[in-house]
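Under the working numbering, think of the first position of the sequence shown as 408, with each following residue one higher.
Where a beta carbon is used, it is the ideal one built from N, C-alpha and C, also for glycine.
Below: one structure, written as structure tokens.
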Amino acid sequence: MIYELCAAAGEVVLSSGQLTRSRISLAYKNHYRKEITMQLGKSFLYDASKEDNWMIGAAEDFVCGTVVDKPKPVMMRPIAKLVVGSPVETKVLKNGNDKRFLIDLGCEYVGYIDVDIESDIPQTVVIAFGEHIADGCVRRFITGSDFSVEVGVKSGRTVYMNSFRRIAARYLEVFADSPVKIHRVSLRPTDYPVNEIRFDAGSELRRNIYRICVNTLRLCMHDHYEDCPWREQALYAMDSRNQMLCGYYAFGETVFPRSSLQLMSKDTRYDHLLTITVPCGMDLCIPSFSMHYITAVREYYQYSHDLSLLAEVWDKVQSITDAMIGNMGDGMYRTFAGGGHWNYYESGISGPFGGDREPSSDLIGNCLLVLCMENMAQIAEWLGYNGTRYTELAAQVRDAVNKTFYDPKSGLYVYRTDDRRLTVLGNSLAILCRAAEGECAERIAQRIAEDAPCLQPTTLSMACFKYDALLMVNRDKYADTILKTIEDQYSVMLDAGSTTVWEDYLGESAYDGKGSLCHGWSALPVYYFHLLCGSKEQAAVQEGA
Numbered sequence: 408m409i410y411e412l413c414a415a416a417g418e419v420v421l422s423s424g425q426l427t428r429s430r431i432s433l434a435y436k437n438h439y440r441k442e443i444t445m446q447l448g449k450s451f452l453y454d455a456s457k458e459d460n461w462m463i464g465a466a467e468d469f470v471c472g473t474v475v476d477k478p479k480p481v482m483m484r485p486i487a488k489l490v491v492g493s494p495v496e497t498k499v500l501k502n503g504n505d506k507r508f509l510i511d512l513g514c515e516y517v518g519y520i521d522v523d524i525e526s527d528i529p530q531t532v533v534i535a536f537g538e539h540i541a542d543g544c545v546r547r548f549i550t551g552s553d554f555s556v557e558v559g560v561k562s563g564r565t566v567y568m569n570s571f572r573r574i575a576a577r578y579l580e581v582f583a584d585s586p587v588k589i590h591r592v593s594l595r596p597t598d599y600p601v602n603e604i605r606f607d608a609g610s611e612l613r614r615n616i617y618r619i620c621v622n623t624l625r626l627c628m629h630d631h632y633e634d635c636p637w638r639e640q641a642l643y644a645m646d647s648r649n650q651m652l653c654g655y656y657a658f659g660e661t662v663f664p665r666s667s668l669q670l671m672s673k674d675t676r677y678d679h680l681l682t683i684t685v686p687c688g689m690d691l692c693i694p695s696f697s698m699h700y701i702t703a704v705r706e707y708y709q710y711s712h713d714l715s716l717l718a719e720v721w722d723k724v725q726s727i728t729d730a731m732i733g734n735m736g737d738g739m740y741r742t743f744a745g746g747g748h749w750n751y752y753e754s755g756i757s758g759p760f761g762g763d764r765e766p767s768s769d770l771i772g773n774c775l776l777v778l779c780m781e782n783m784a785q786i787a788e789w790l791g792y793n794g795t796r797y798t799e800l801a802a803q804v805r806d807a808v809n810k811t812f813y814d815p816k817s818g819l820y821v822y823r824t825d826d827r828r829l830t831v832l833g834n835s836l837a838i839l840c841r842a843a844e845g846e847c848a849e850r851i852a853q854r855i856a857e858d859a860p861c862l863q864p865t866t867l868s869m870a871c872f873k874y875d876a877l878l879m880v881n882r883d884k885y886a887d888t889i890l891k892t893i894e895d896q897y898s899v900m901l902d903a904g905s906t907t908v909w910e911d912y913l914g915e916s917a918y919d920g921k922g923s924l925c926h927g928w929s930a931l932p933v934y935y936f937h938l939l940c941g942s943k944e945q946a947a948v949q950e951g952a
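Okay, here's the thing in structure tokens:
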């Protein structure tokens, strides 16, 4: 443990050292390997009845620390500290004989469990947390996951807050073996401090959609961006790209995205791609997400005009690009084979979780590679480097896309030569990478806009590519189509009473009942409302003006 406490004038009044004393906690169950989810990690069991008077110095068994001389660089926290709020006001929806309580927080929050419980006897109280009560209760157990924590209460009144584990919930459910009196079971919101930019999307429906999108962005920002605060709290390159893009408009700040981009650049893998989440201790990556990272780096400069971050991550983006190029075959992008690689593009379009046995080529990967090379050329130019290598490779792969995946009969692009699915994502990317141009792009855009049955729809997370392709072809023609699509899709969430935006159209039932109802990648309406409903000055920001 390293700590230093300074007075207002800056002098150090207390610091760690050999006289710092410690012991194993009596109240927390040690080596308790109860897992919430693989990504979120361990739960906890705290037993207040086992506490002594250590907080006032009247305790034994504390020993002095051992000073270890291992000089390492100290990195100051690059972002603001989180703000811990007061306990949320709650409403008890159900009371089962004072032994089971269903509690509504009113909307989704992320924070620390805070309890004030009175009991006649010492007992362990279980607190389950969730985002919905579709089953009439909190869905605690889901495919091997246990969304609960445990608090041992003493005889009398137990007041306790746990600051080691942030949880996300709209609902809490309390289980006790013997009757208890609930004075408070709630969350203390734990938020990253940002100021929301005032914006009017133009109609009540759009304002409400915008509101739950911005709320989602806030709840997915803590030490770094998080895909979802309830199930994972993980930093993904693709998810965070969407969050950064929306955040530039919602909050108008660049410190937080810079920090996450910097953190991801420190990731190291044997194949030079980004690990699936950062930080992460497992051998797994999604290769396409490494290309989305480079998009996020380019967009960061467009909104911040901060070259220092580009210079800092240049070696990393080069190594990612070199890995992509080194894996090419026959002049095209190929999927990465072997365990440790998950060739995922979006739900419904991905390779096996354990990795492809042999590398293969597909439309989406090649279109993303073209865009990646163009982004690299632009970043190189901003840094004063020669990006010709990247523009030439982009042109080469673009030609290969047309020769390999374009189907003259349908006028669309197939996913693979041995899987002739027609996807909205793939055809949108074909437009964006300029494989499809002119009348060809116009025909494809029309099919996408009219939701042609032959096209596999895109997901909420990848809708940005669909919308960007339509705007690239004809902004005036398709702007209202995009806005109407957003209204139709997100009004379902509002009608369900959600205060945040969902991971998937199916809501809680997606992913075998593990669907997240607060997911940063789905906050894209923030960006498109600013682009299509805001002033010309606001829209110009998208161009890097």
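Quiz item: Can you name the start and end residues of the beta strand (DSSP E) that Ala-535 belongs to?
Solution: Residue range 530-537 is occupied by the beta strand (DSSP E) that includes Ala-535.
Self-check item: Whole-angstrom distance between Ser-666 and Leu-512, CA atom to CA atom
Solution: The alpha-carbon atoms of Leu-512 and Ser-666 are separated by roughly 31 angstroms.
Quiz item: Roughly how many angstroms lie between the CA atoms of Leu-716 and Ile-619, to the nearest whole one?
Solution: Between the alpha carbons of Leu-716 and Ile-619 lies a gap of roughly 31 angstroms.
Exercise. Report yes if the CB atom of Arg-823 is closer than 7 angstroms to the CB atom of Asp-769, and no otherwise.
Key: For the pair Arg-823 and Asp-769, the CB atoms are nearer than the 7 angstroms cut-off.
Quiz item: Can you give, in chain order, each stretch of the beta strand (DSSP E) that sits fully within the region 566-628 and has at least 3 residues?
Solution: Whole beta strand (DSSP E) segments, 3+ residues: 574-582 and 587-598.
Quiz item: CA-CA distance, Val-533 and Val-581?
Solution: Here the alpha carbons of Val-581 and Val-533 stand approximately 6 angstroms from one another.
Practice problem: Would you check if the distance between the CB atom of Glu-753 and the CB atom of Met-869 is smaller than 7 angstroms? | Solution: Glu-753 is a Cβ neighbour of Met-869, given a cutoff of 7 angstroms.
Self-check item: Proximity winner among Ala-583, Ala-703 and Thr-497, relative to Ala-506 (alpha-carbon distances)
Solution: The sequence shown places Lys at residue 506, rather than the Ala named in the question. Nearest of Ala-583, Ala-703 and Thr-497 to Lys-506, Cα basis: Ala-583.
Exercise. Quick one: grab the DSSP three-state call for Ala-434.
Key: In this structure, Ala-434 counts as coil in the three-state DSSP scheme.
Quiz item: Taking DSSP as the reference, what is the three-state secondary structure of Ala-644?
Solution: In the structure shown, Ala-644 sits in a helix (DSSP, three-state: H, G or I).
Quiz item: Does the beta-carbon of Arg-613 have 16 or more other beta-carbons within 10 angstroms, so that it is buried, or is it exposed?
Solution: Buried, because 16 or more other Cβ atoms sit within 10 Å of the Cβ of Arg-613.
Quiz prompt | Cβ-based burial, Tyr-740 [other Cβ within 10 Å; buried from 16] | solution = By the neighbour-count rule (16 or more Cβ atoms within 10 Å), Tyr-740 is buried.
Self-check item: CA-to-CA distance, Ser-555 to Val-933, given in whole angstroms
Solution: For Val-933 and Ser-555, the gap between their C-alpha atoms comes out near 33 angstroms.
Quiz item: Is the region 557-565 touching the region 491-507 in the sense that three or more CB pairs, one from each, lie closer than 8 angstroms?
Solution: Segment contact: the region 491-507 against the region 557-565, fewer than three CB-CB distances shorter than 8 angstroms; contact not assigned.
Exercise. Compute the distance between the beta-carbons of Val-491 and Arg-595, then report whether it is under 7 angstroms.
Key: Yes, Cβ-Cβ distance for Val-491 and Arg-595 is below 7 angstroms.
Self-check item: Close beta carbons around Phe-658, own chain, < 8 angstroms, minus the five adjacent residues each side
Solution: For Phe-658, where only same-chain residues beyond five positions count, the Cβ hits under 8 angstroms are Val-601, Asn-602, Glu-603, Ile-604 and Leu-624.
Exercise. Give the single residue among Tyr-874, Lys-816 and Thr-798 whose Cα lies nearest to the Cα of Gly-833.
Key: Of Tyr-874, Lys-816 and Thr-798, the residue nearest in Cα terms is Tyr-874.
Self-check item: Backbone secondary structure at Lys-810 - three-state DSSP
Solution: Looking at Lys-810 - three-state DSSP - the assignment turns out to be helix.
Practice problem: Could you check if Asn-793 is buried or exposed, using at least 16 other CB atoms within 10 Å of its CB as the buried criterion? | Solution: Classification of Asn-793: exposed, given that the 10 Å Cβ count is below 16.
Quiz item: Looking only at DSSP bridge pairs, what is Tyr-519 linked to?
Solution: In the DSSP secondary-structure assignment, Tyr-519 is bridged to Arg-595.
Self-check item: Identified DSSP bridge partners for Thr-913
Solution: Thr is not the amino acid found at residue 913; the sequence shown has Leu there. Looking at the DSSP output, Leu-913 shares a beta bridge with no other residue.
Quiz item: Using the C-alpha atoms, what's the distance from Ala-848 back to Met-689?
Solution: When only Cα atoms are considered, Met-689 and Ala-848 end up about 41 angstroms apart.
Quiz item: Between Phe-936 and the rest of its own chain, which residues show a CB-CB distance below 7 angstroms, the 5 nearest in sequence each way excluded?
Solution: Ala-608, Arg-613 and Tyr-617, listed in sequence order.
Quiz item: In three-state DSSP terms, what is Glu-753?
Solution: Strand.
Self-check item: Exposure of Gly-551, with buried meaning 16 or more beta-carbon neighbours within 10 Å
Solution: Only exposed fits Gly-551, as fewer than 16 other CB atoms lie within 10 angstroms of its CB.
Practice problem: Please work out which residues of its chain come closer than 7 angstroms, Cβ to Cβ, to Ile-463, disregarding the five sequence neighbours upstream and downstream, and give them in chain order. | Solution: Within the same chain, Ile-463 has no close Cβ partners at all.
Practice problem: Could you pull the start and end residues of the beta strand (DSSP E) that Asn-502 belongs to? | Solution: Counting along the chain, the unbroken beta strand (DSSP E) around Asn-502 starts and ends at 498-503.
Exercise. In the DSSP assignment, find the unbroken alpha helix (DSSP H) run with Ser-555 in it and report its ends.
Key: For Ser-555, no alpha helix (DSSP H) encloses it; the enclosing beta strand (DSSP E) starts and ends at 555-560.
Exercise. Give the secondary structure of His-937 by DSSP, where H, G and I count as helix, E and B as strand, and everything else as coil.
Key: The three-state secondary structure of His-937, taken from DSSP, is helix.
Quiz item: Can you list, in chain order, the stretches of the alpha helix (DSSP H) that have 4 or more residues and sit fully within the region 650-717?
Solution: With a minimum length of 4 residues, the continuous alpha helix (DSSP H) runs that stay inside the region 650-717 are 662-672 and 694-711.
Exercise. Whole angstroms is fine: what's the gap from Lys-723's alpha carbon to Ser-672's?
Key: Their Cα atoms are separated by approximately 6 angstroms.
Practice problem: Following the continuous beta strand (DSSP E) through Ile-443, name the residue where it begins and the one where it ends. | Solution: For Ile-443, the enclosing beta strand (DSSP E) starts and ends at 442-444.
Exercise. Kindly identify the DSSP beta-bridge partner or partners of Ala-416.
Key: None; Ala-416 has no bridge partner.
Practice problem: Going by CA-CA distance only, name the one from Asn-773, Ala-837, Phe-696 and Gln-853 that's closest to Phe-872. | Solution: The closest CA to that of Phe-872, considering only Asn-773, Ala-837, Phe-696 and Gln-853, is found on Ala-837.
Exercise. Can you give me the Cβ contacts of Ser-610 inside the same chain, cut-off strictly under 8 angstroms, excluding the 5 residues immediately before and after it?
Key: Around Ser-610: no qualifying Cβ.
Quiz item: Between Leu-489 and Asp-598, which are expected to be in contact by the criterion C-beta below 8 angstroms, what is the C-beta distance as a whole number of angstroms?
Solution: Yes, they are in contact, since the Cβ atoms of Leu-489 and Asp-598 sit about 6 angstroms apart, within 8 angstroms.
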